[in-house]
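First comes the structure, then the notes that go with it.
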Amino acid sequence: MSSESTEVWTGWYRDRRGAEAIAITADGGRRIAIRVRGVEYTGSRLEALTADEENGGLPLSGCVLEWDLPMPVILADGSVQPATLSCLLALGEALSDGSPERVDLQLTLHWGGAAYESGLWGGDFEQALDRVRRQLPPGTRFERTGALVEAAV
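Just so you know, we're using the working numbering here: the sequence shown kicks off at 16 and counts up by one.
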């Protein structure tokens, strides 16, 4: 990945073996990568990250990923206020093909002392973002910014 177009967010990885801090990287080319216990998982969507062939080539499963993204809110008058989008992605245990049995995504926008939640979505980042967007006050919106948001939708 080119360092000029790469964005990095920190977060947490949790599974039955414990928790560890992770860095999620995304580039403008719609590639996402995380490293867990020395194994790099890559893909074009968060719910479909896979290890390279030398590490088994299996999809990431049986875990929870958590991270926060800056998500500015634009008011009706055009002014911009800071906000944070908290993301929680739960990937179920592996099926026989290695893919997760379920994918649950929950987004929460923290802005202006309130929390706007998506509820659980089956990994569809765009639908979850839309659910949050519809809860904002009239004339208020947020912009999808950053390579990770663009890659996830």
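Where a beta carbon is used, it is the ideal one built from N, C-alpha and C, also for glycine.
Spatial neighbours of alanine 166 in its chain, beta-carbon cut-off 6 Å, leaving aside the 5 residues before and after: Note that alanine 166 scores a pLDDT of 49, beneath 50, so its modelled location is shaky and nothing firm can be said.
Length of the line joining the Cα atoms of tyrosine 131 and serine 94: Rounded to whole angstroms, tyrosine 131 to serine 94 spans 20 Å at the Cα level.
Glycine 138 classed as buried or exposed, judged by whether at least 16 other C-beta atoms fall within 10 angstroms: By the neighbour-count rule (16 or more Cβ atoms within 10 Å), glycine 138 is buried.
For glutamate 141 and glutamine 121, the rounded distance between their alpha carbons: Whole-angstrom Cα-Cα distance: 11 Å.
Through-space distance from glutamine 150 to glutamate 116, alpha-carbon basis: In a straight line, the C-alpha of glutamate 116 is about 30 Å away from that of glutamine 150.
Bridge partners - phenylalanine 157, DSSP secondary structure assignment: Within the DSSP bridge table, the entry for phenylalanine 157 names Val88 as partners.
Proximity of tryptophan 126 and valine 88 at Cβ, strictly below 9 Å: Yes, they are a contact pair.
Host alpha helix (DSSP H) of alanine 14 (start-end): Past the edges of the chain, shown from 16 to 168, lies residue 14, and the structure says nothing about it.
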